[in-house]
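K.L.:
Dropping a structure here in structure tokens format, bear with me for questions.
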Amino acid sequence: MERGQVFAERFRITHAPKSGGMGTVYRAEDLKTGQIVAVKFLVRPPRDSTPSSGIHFGRLTPNELKRFERERQMHEQLGGHGIPRLVAYDFLGGRPYLVTEFIDGKNLRDFLEAHRPTLAATASIVVQLLQVLERVHAARVVHRDIKPQNVILAESGEVFLVDFGIALPDDPDATRHTEGRTPGSLGYKAPEIILGERNPTPAADIYGVGCTVFRLVAGDSVFSGASEHIIEQHHCGTPAPRLDDLIPGLPPGLADLVAHMLAKEPRSRPSAGGAAAALAPLVPRPGDPAPDPALTPDPTLPFRVSTGTSASAPAQAASRQSNRRPIVRRRGAGAPNRSAFRALLDEADQELARGEAGPQAEQLDAILNEARGAWGARDPEVVRARLLCADRLRHNGDWPGASGRYRTLTRDLAGAEAGTAEHEQLLEARIGVAECMVPEEDSTDHAFPLWEAAVRRLRLLQLSPPQRVVQRARESGEEFAEWGHRSAVEALLDGLEPS
184 MERGQVFAER FRITHAPKSG GMGTVYRAED LKTGQIVAVK FLVRPPRDST
234 PSSGIHFGRL TPNELKRFER ERQMHEQLGG HGIPRLVAYD FLGGRPYLVT
284 EFIDGKNLRD FLEAHRPTLA ATASIVVQLL QVLERVHAAR VVHRDIKPQN
334 VILAESGEVF LVDFGIALPD DPDATRHTEG RTPGSLGYKA PEIILGERNP
384 TPAADIYGVG CTVFRLVAGD SVFSGASEHI IEQHHCGTPA PRLDDLIPGL
434 PPGLADLVAH MLAKEPRSRP SAGGAAAALA PLVPRPGDPA PDPALTPDPT
484 LPFRVSTGTS ASAPAQAASR QSNRRPIVRR RGAGAPNRSA FRALLDEADQ
534 ELARGEAGPQ AEQLDAILNE ARGAWGARDP EVVRARLLCA DRLRHNGDWP
584 GASGRYRTLT RDLAGAEAGT AEHEQLLEAR IGVAECMVPE EDSTDHAFPL
634 WEAAVRRLRL LQLSPPQRVV QRARESGEEF AEWGHRSAVE ALLDGLEPS
């Protein structure tokens, strides 16, 4: 995309992109609100790509798409108070993108290249980061990639945590999307993650914070070595150096706290809230002087200008919330009119039934995010609209885009009770995923089992099978029959009639 380009009839690119990992990030203007936003596209450059090779991207894997979708969910669930808020999420040319609140500032790695922060500045950064993590952990989420590059110091001095691409719900049944790789970044991964723990606790994030504090205070990493393997061996088996052995005269308790954060055993590490409370005496008080030499951004600013009377971190945090700068809100100023939305739904449905994906379906897609933000992702009419908009993309040949929307629906509707309208919509979305997998993979190896499972569940509703879903199963069944599954398709559909 080029500077000045407008997409989704709403966002105008204002700066050249920055690339890293699996994403390309643009700064853009939200023409609807006038706010500056960050737009992250999921891309996979081919192995032999170079900066001069033009815009060509490799094929995205299902796990990469699922990781990006989880990142969207995390911003939607946790956005605000130290995590950029989600503004929009959609597909463009089959590529998913996230639009979030833009944080004007520097990441901590870049900040450290220009500054050696004082202890007060270090405490100001870390206390704010721990307060964000306390909220993340309370939501039963483990970030899994705490490192300086993922900590943003805003111009206001506030700390933001970013990049939830490998974040994981604190749930043994949660799906991993890291394709066998050990998640996290070299030098900041907890020992248990290096050793392959699939269900890390919030203590893994505390280890990453401990490594970050060590870097802030000592100006170097906890361990170094000739290879990644040696560094990870040290993190797993070598006691971390104590900060007071490296830097005499540190405040009592600081070296002990960092040593506990870097404990090999997760149960020995403090909680985010406990660590923040231990560091609170080191943060500046309202009216204290600015750091000398000056820091840009200045992380002590939210504490020094606080209007509260207490120097404790929790009190100052509460004060900061009341003095925040205006931020991007996910919901629009007003919800669409229900009656008009319902009428548009019917028109788009009829349009698609005629084999068209014309202006009604396009208009429905344009206001879907507003409706979803106003009434919720599982509102019956919103879900119906989400299905229709996915159908529109499938009709236009945007198989990855349609597949992503169907998959998101299946996750949002997971656990729907059999026999309910939600369950019927869940089955339809699962069939939609299977339909998209055939052209995406040019194979039915993965698609047919998914379609078969959905139809088996549909057969359990034999007393009142939903006409729409049965008809869809029959239409897609014809395609699977042509791919060599005729006998299995006929057996599954035998006797399954629309009500």
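Residue numbering for the sequence shown follows our numbering, starting at 184 and increasing by one per position. Yeah, the Cβ is synthetic: ideal placement off N, Cα and C, and Gly gets one too. Quick caveat: nothing in here was measured; it's all calculated off a predicted structure.
1. Determine the extent of the beta strand (DSSP E) in which residue 566 is found, giving its start and end residues.
2. Compute the distance between the beta-carbons of residue 219 and residue 285, then report whether it is under 8 Å.
3. Is it true that the CB of residue 587 sits closer than 8 Å to the CB of residue 279?
4. For residue 604, collect the residues of the same chain with a Cβ closer than 8 Å to its Cβ; drop the 5 residues on either side in sequence, then sort them by chain order.
5. Could you give the distance in angstroms between the alpha-carbon of residue 659 and the alpha-carbon of residue 552?
6. Can you tell me which of the three DSSP states residue 263 falls into?
7. Assign residue 329 to buried or exposed, taking buried as 16 or more other Cβ atoms, counted over all protein chains shown, within 10 Å of its Cβ.
8. For the region 607-621 against the region 574-585, do three or more pairs of beta-carbon atoms, one drawn from each stretch, fall closer than 8 Å, so that the two count as touching?
9. Tell me residue 343's beta-bridge partners as DSSP assigns them.
10. For a test of the three-state rule: what should DSSP assign to residue 371, helix, strand or coil?
11. Who pairs with residue 284 in a beta bridge, going by DSSP?
12. Anyone know if the C-beta pair for residue 340 and residue 532 falls short of 8 Å?
13. Would you tell me roughly how many angstroms separate the C-alpha atoms of residue 384 and residue 598, rounded to the nearest one?
14. Using a Cβ-Cβ cut-off of 7 Å (strictly less than) and excluding sequence neighbours within five positions of residue 338, which residues of its own chain qualify?
15. With respect to the alpha helix (DSSP H) encompassing residue 393, which residues constitute its N-terminal and C-terminal limits?
16. To which residues does DSSP link residue 279 through a beta bridge?
17. If we count the other Cβ atoms within 10 Å of its Cβ and call it buried at 16 or more, is residue 389 buried or exposed?
18. With H, G and I counted as helix, E and B as strand and the rest as coil, what does DSSP make of residue 487?
19. By how many angstroms is the C-alpha of residue 631 removed from the C-alpha of residue 663?
20. Whose CA, out of 566, 346, 430, 437, lies closest to the CA of residue 252?
21. Under 8 Å between the Cβ atoms of residue 561 and residue 593?
22. State the Cα-Cα distance for the pair residue 581 and residue 267, rounded to the nearest angstrom.
23. In terms of alpha-carbon separation, which member of 294, 264, 249, 391 lies closest to residue 443?
24. I'd like to confirm the pairing. Which residues does DSSP put opposite residue 376 in its beta bridges?
25. Would you give the residue range spanned by the beta strand (DSSP E) that residue 206 belongs to?
26. Consult DSSP for residue 250 and reduce its assignment to one of helix, strand or coil.
27. Quick check: residue 419 and residue 374, are their CB atoms within less than 8 Å of each other?
28. Considering only residues of the same chain and omitting the five flanking positions on each side of residue 331, which have a CB-CB separation below 7 Å?
29. Once the 5 residues before and after residue 534 are set aside, which same chain residues still bring their CB inside 6 Å of it?
30. Do residue 270 and residue 311 come within 8 Å of each other at the CB atom, strictly closer than that value?
31. Can the beta-carbon of residue 406 be found less than 8 Å from the beta-carbon of residue 275?
32. Counting only runs that start and end within the region 519-567, where is the alpha helix (DSSP H) found for 4 or more residues in a row?
33. Between the alpha carbons of residue 436 and residue 352, how many angstroms are there, rounded?
34. Which residue's Cα is closest to the Cα of residue 474: 305, 453, 451, 558?
35. Nearest-angstrom Cα distance between residue 187 and residue 211?
36. Just mark residue 413 as buried or exposed, buried being the case when its beta carbon has 16 or more other beta carbons within 10 Å.
P.N.:
From the atom records:
1. Taking the sequence shown and counting its residues from 1, one reaches residue 566 at position 383. Boundaries for residue 566: no beta strand (DSSP E) harbours it, while the alpha helix (DSSP H) harbouring it runs 563-578, taken from the DSSP string.
2. One-based indexing of the sequence shown puts residue 219 at position 36. One-based indexing of the sequence shown puts residue 285 at position 102. Contact: yes.
3. Along the sequence shown, one-based indexing puts residue 279 at 96. Along the sequence shown, one-based indexing puts residue 587 at 404. In this structure, residue 279 places its C-beta atom within 8 Å of the C-beta atom of residue 587.
4. By 1-based counting over the sequence shown, the position of residue 604 is 421. Within the same chain, residue 604 has close Cβ partners 563.
5. Taking the first residue of the sequence shown as position 1, residue 659 is located at position 476. Taking the first residue of the sequence shown as position 1, residue 552 is located at position 369. Separation of residue 659 and residue 552 (C-alpha to C-alpha, rounded to the nearest whole angstrom) is 28 Å.
6. Residue 263 sits at position 80 when you count from the first residue of the sequence shown. Reduced to three states, the DSSP call for residue 263 is coil.
7. Numbered from its first residue, the sequence shown carries residue 329 at position 146. By the neighbour-count rule (16 or more Cβ atoms within 10 Å), residue 329 is buried.
8. Yes, since at least three Cβ pairs between the region 607-621 and the region 574-585 fall closer than 8 Å, the two stretches touch.
9. Against the sequence shown, residue 343 aligns to sequence position 160. Its beta-bridge partners are 335.
10. Start at 1 with the first residue of the sequence shown, and residue 371 comes out as number 188. DSSP places residue 371 in coil when its eight states are reduced to three.
11. In the sequence shown, the residue the question calls residue 284 occupies position 101. Answer is 220, bridged to residue 284.
12. Here residue 340 refers to the residue found at position 157 of the sequence shown. Here residue 532 refers to the residue found at position 349 of the sequence shown. No. Outside cutoff.
13. Residue 384 sits at position 201 when you count from the first residue of the sequence shown. Residue 598 sits at position 415 when you count from the first residue of the sequence shown. If you draw a straight line from the Cα of residue 384 to the Cα of residue 598, it is about 25 Å long.
14. As a position in the sequence shown, residue 338 is number 155, starting the count at 1. Within the same chain, residue 338 has close Cβ partners 287, 288, 480.
15. Against the sequence shown, residue 393 aligns to sequence position 210. Looking at the DSSP string, the run of the alpha helix (DSSP H) that includes residue 393 is 386-401.
16. One-based indexing of the sequence shown puts residue 279 at position 96. DSSP, once it has assigned bridges, lists 274 as partnering residue 279.
17. Counting from one through the sequence shown, the residue named residue 389 turns up at place 206. Taking a 10 Å sphere around the C-beta of residue 389, we find 16 or more other C-beta atoms and assign the residue as buried.
18. Position 304 of the sequence shown holds residue 487. The three-state reading of DSSP puts residue 487 in helix, counting H, G and I together.
19. Position 480 of the sequence shown, counted from the start, is the residue given in the question as residue 663. Position 448 of the sequence shown, counted from the start, is the residue given in the question as residue 631. Rounded to the nearest angstrom, the two C-alpha atoms are 7 Å apart.
20. The residue labelled residue 252 in the question sits at position 69 within the sequence shown. When the alpha-carbon of residue 252 is set against those of 566, 346, 430, 437, the nearest one is in 346.
21. On the sequence shown, position 378 is the one that residue 561 refers to. On the sequence shown, position 410 is the one that residue 593 refers to. No Cβ-Cβ contact shorter than 8 Å links residue 561 with residue 593.
22. Taking the sequence shown and counting its residues from 1, the one referred to as residue 581 is at position 398. Taking the sequence shown and counting its residues from 1, the one referred to as residue 267 is at position 84. Cα to Cα, residue 581 sits roughly 29 Å from residue 267.
23. The residue you call residue 443 lines up with position 260 of the sequence shown. With distances taken between Cα atoms, residue 443 lies closest to 391.
24. As a position in the sequence shown, residue 376 is number 193, starting the count at 1. According to DSSP, residue 376 shares a beta bridge with no other residue.
25. Here residue 206 refers to the residue found at position 23 of the sequence shown. Start and end: 206-213.
26. Here residue 250 corresponds to residue number 67 of the sequence shown, with the count starting at 1. In the displayed model, residue 250 falls within a helix according to three-state DSSP.
27. By 1-based counting over the sequence shown, the position of residue 419 is 236. By 1-based counting over the sequence shown, the position of residue 374 is 191. At the C-beta level, residue 419 and residue 374 come within 8 Å of one another.
28. Along the sequence shown, one-based indexing puts residue 331 at 148. Counting only Cβ-Cβ distances below 7 Å, and skipping sequence neighbours, we find 290, 291, 292, 295, 395, 398.
29. The residue you call residue 534 lines up with position 351 of the sequence shown. So the qualifying residues of the chain are 541, 543, 544.
30. Position 128 of the sequence shown, counted from the start, is the residue given in the question as residue 311. Position 87 of the sequence shown, counted from the start, is the residue given in the question as residue 270. Annotated as distal: residue 311 and residue 270, with beta-carbon spacing of 8 Å or more.
31. By one-based count along the sequence shown, residue 406 stands at place 223. By one-based count along the sequence shown, residue 275 stands at place 92. Not in contact: residue 406 and residue 275 (Cβ atoms no closer than 8 Å).
32. The qualifying runs are 521-536, 542-558.
33. Translated into positions along the sequence shown, residue 436 becomes position 253. Translated into positions along the sequence shown, residue 352 becomes position 169. One C-alpha to the other measures close to 32 Å.
34. The count along the sequence shown starts at 1 and reaches residue 474 at position 291. If you compare the alpha carbons of 305, 453, 451, 558 with that of residue 474, the shortest gap goes to 305.
35. One-based indexing of the sequence shown puts residue 187 at position 4. One-based indexing of the sequence shown puts residue 211 at position 28. Looking at the two C-alpha atoms, the distance is approximately 9 Å.
36. Against the sequence shown, residue 413 aligns to sequence position 230. Counting Cβ neighbours within 10 Å, residue 413 comes out exposed, since fewer than 16 surround it.
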